[in-house]
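Numbering (the numbering used here), first residue to last: 187 to 734.
Notes to accompany the following structure.
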Ligand code: NA7
């Protein structure tokens with residue numbers, strides 16, 4: 187059935203790195219497309235996360251697109267780990283280069299999406315009244331975009347300023363002369379704390395669970411260290427998708443920690459610590475799998491914390507002891523532990539002094555009230571599913587995504603969802619996404635999706651849907667792979683533990699990029715056996731000319 191005039195071939199939700207990449211791809215295939223973006227500009231995560239110290243924990247030379255040589259070769263990163271303003275500039279540069287903004291409606295949030303069986307298309311409602319219809323719905327909403335602000339007693343009566351790291355104001359915030367509390371010590375808190383300590387008169391860091399953090403060893407980059415100028419750097423960017431994490435690391439020892447001598451272990455870990463960054467977790471082959479090996483590495487980091495932090499009692503409170511290193515995402519910092527040696531900084535251990543609630547001018551913890559002017563929530567996100575289940579998505583037979591995922595997210599390959607025809611998630615639950623370099627994950631998904639849409643165009647199909655059988659099988663596999671790692675051993679956002687009432691399911695795919703890449707390539711090579719096209723199972727649908 188023909189679609190009405192105001193329709194597009196594709197609607198994309200989100201104009202972060204995933205949405206921008208997808209827009210460019212579907213345009214290049216000659217399809218019409220509209221993107222809806224809640225922010226006033228492109229950038230997604232890097233538009234919203236403007237807090238002091240916000241910085242990527244992937245090196246810039248890997249944190250850039252590879253789908254077009256120009257936008258990777260002509261761009262220069264000024265530092266090893268680019269800060270938010272520079273990454274935001276990169277997103278804007280890409281938008282300018284491809285003139286992406288003309289197809290993006292900014293300041294507009296999608297508040298409902300319904301699949302219409304008669305037309306094989308999606309109808310979208312937005313808060314700006316700009317409704318739309320499209321054959322395909324691509325969800326590029328980001329894995330960490332629905333902020334988690336805990337419901338704490340009395341918060342509405344707090345007279346001071348409150349901020350969340352993921353919804354930072356556009357204008358600079360002045361903390362000079364103020365008493366500030368930061369709640370949360372994950373990646374965002376670990377980046378914020380040293381910066382706020384420099385600015386605020388007094389800083390309380392409210393810690394529920396200590397993090398393992400590795401020094402970034404950030405530094406300025408020279409002209410000869412750029413993708414455009416250095417053939418080795420360039421070659422490694424293109425090689426990145428073949429690695430387990432989408433990042434090329436050097437000097438790593440593939441052996442198991444338990445198989446090397448104590449001397450070799452110490453030497454290698456010291457080398458990796460000096461090198462800095464999240465690559466520390468790859469220093470040996472089995473840190474993420476073997477409990478004993480992991481314990482040695484965790485001990486090594488705890489020893490460094492005790493070296494950095496002068497007060498032994500504070501150092502002990504900063505040492506994580508109840509989960510394996512890496513089971514919560516490793517943090518990458520600049521001067522985090524050293525910050526606790528400052529006179530104006532106090533670590534508040536919420537396990538000893540739980541938050542009882544807010545007063546108009548402070549927070550009551552344990553038996554005392556901290557006088558604070560400002561509270562900064564670095565309390566994370568309803569990760570991976572929050573933005574999707576809150577969008578009011580209704581698939582076939584009125585099935586709501588929020589209901590379909592009530593017991594946890596289920597996808598086929600992290601891309602499609604049974605009961606939701608013509609809908610694809612970029613870097614969705616069940617894909618490597620947050621466990622690997624996100625830009626590599628995004629480009630891989632966008633290419634796969636682009637190929638699927640082209641396959642459908644060539645075959646004349648107007649509808650695809652994931653089979654329940656394929657989805658069940660993939661969910662089982664994702665769970666099996668996770669169970670073989672130590673990743674499920676922490677109360678992390680990977681398992682939804684940070685959101686009260688969220689089902690405890692390990693959400694990303696932990697098998698690494700090569701295994702995943704093979705699996706999604708196999709799906710295509712076998713003729714999409716996990717999909718049904720226009721009611722016909724994929725593997726038996728004739729392709730291209732045969733069908734037309
Ligand atoms: P994270 O990693 O989810 O960290 C959130 C922090 O906030 C963490 O320390 C939490 O402690 C703490 N938190 C959350 N809720 C509360 C309440 N109610 N009371 C006290 N403390 C709380 O989010 P980030 O923004 O730091 O990082 C997210 C990702 O962004 C990161 O992994 C990178 O991929 C980039 P908990 O550990 O739950 O005890």
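No residue lacks a Cβ here, since even glycine has one placed at the ideal position from N, Cα and C.
Fair warning: this is a prediction, and the values are worked out from it, not measured in the lab.
Give me the DSSP bridge partner(s) of residue 308. 301, 320
Would you call the segment 669–687 and the segment 712–721 in contact, with 3 or more CB pairs under 8 Å? no
Among 197, 375, 515, 663, whose alpha-carbon lies nearest the alpha-carbon of residue 521? 375
Can residue 513 and residue 676 be called in contact, C-beta distance under 7 Å? yes
Look at residue 560 and residue 408 and say whether their C-beta atoms are less than 7 Å apart. no
How about residue 684: is its Cβ closer than 6 Å to a heavy atom in the ligand NA7? yes
When you measure from the CB of residue 679 to every non-hydrogen atom of the ligand NA7, does any distance come out below 6 Å? yes
Report whether the distance from the Cβ of residue 747 to the nearest heavy atom of the ligand NA7 is below 6 Å. Any question about residue 747 goes unanswered here, given that the chain covers just 187 to 734.
Give every residue of the same chain whose Cβ lies closer than 6 Å to the Cβ of residue 388, excluding the five residues on either side of it in the sequence, and list them in chain order. 365, 530
Flag residue 202 as yes when its Cβ comes closer than 6 Å to any non-hydrogen atom of the ligand NA7, and as no otherwise. no
If you scan the segment 552–618 from start to end, which runs of the beta strand (DSSP E) of 3 or more residues do you find wholly inside it? 554–557, 560–563, 609–611
I need the boundaries of the beta strand (DSSP E) containing residue 350, first residue and last residue. 347–350
Can residue 617 and residue 600 be called in contact, C-beta distance under 7 Å? yes
Going by beta-carbon coordinates alone, are residue 628 and residue 207 separated by less than 7 Å? yes
Would you kindly work out how many angstroms separate the C-alpha atoms of residue 506 and residue 672, rounded to a whole number? 15 Å
Here's a check: name, in chain order, each residue in its chain whose Cβ is nearer than 8 Å to the Cβ of residue 478, leaving out the five neighbours to either side. 443, 444
How far does the beta strand (DSSP E) with residue 702 in it reach, from first residue to last? Counting along the chain, residue 702 falls outside any beta strand (DSSP E), though it belongs to the alpha helix (DSSP H) covering 699–711.
For residue 468, count the other beta carbons within 10 Å of its own beta carbon; 16 or more makes it buried, fewer makes it exposed. Which is it? buried
Ignore the nearest five residues each way along the sequence and tell me which others in residue 290's own chain have a CB closer than 6 Å to its CB. 201, 221, 223
Based on Cα-Cα distance, which residue from 635, 451, 294 lies nearest to residue 611? 635
Beta-ladder partner(s) of residue 146, from DSSP: The requested residue 146 is not part of the displayed model; the chain covers only 187 to 734.
Boundaries of the alpha helix (DSSP H) in which residue 338 is found, first to last residue: From DSSP, residue 338 is part of no alpha helix (DSSP H); its letter is neither H nor E.
Mapping the DSSP letters down to three states, classify residue 288 as helix, strand or coil. helix
Along the chain, where does the alpha helix (DSSP H) containing residue 630 start, and where does it finish? 624–645
Going by alpha carbons, who is nearest to residue 348 out of 518, 476, 596, 562? 562
Which value, in whole angstroms, describes the spacing of the CA atoms of residue 729 and residue 435? The predicted model places residue 729 with a pLDDT of 47, which falls under 50 and marks its position as unreliable; any figure quoted below should be read in that light. Straight-line Cα distance between these residues: approximately 40 Å.
I need the boundaries of the alpha helix (DSSP H) containing residue 662, first residue and last residue. 654–669
Opposite residue 651 in the DSSP bridges: which residues? 718
Are there 16 or more other CB atoms within 10 angstroms of the CB of residue 256, so buried, or fewer, so exposed? exposed
Residue 235 versus residue 498: straight-line alpha-carbon distance, rounded: 33 Å
Kindly list the residues whose CB is nearer than 7 Å to the CB of residue 209, restricted to its own chain and excluding five residues on each side of it in sequence; keep chain order. 198, 219, 221, 286, 289
Pair every Cβ in the segment 576–583 with every Cβ in the segment 291–299, then say whether three or more of these pairs are closer than 8 Å. yes
As assigned by DSSP and simplified to three states, the class of residue 357: coil
Determine, using beta-carbon pairs with one atom in the segment 685–702 and one in the segment 422–433, whether at least three such pairs fall under 8 Å. yes
Please confirm whether any heavy atom of the ligand NA7 lies closer than 6 Å to the CB of residue 429. no
Rounded to a whole number of angstroms, what is the C-alpha to C-alpha distance between residue 326 and residue 369? 29 Å
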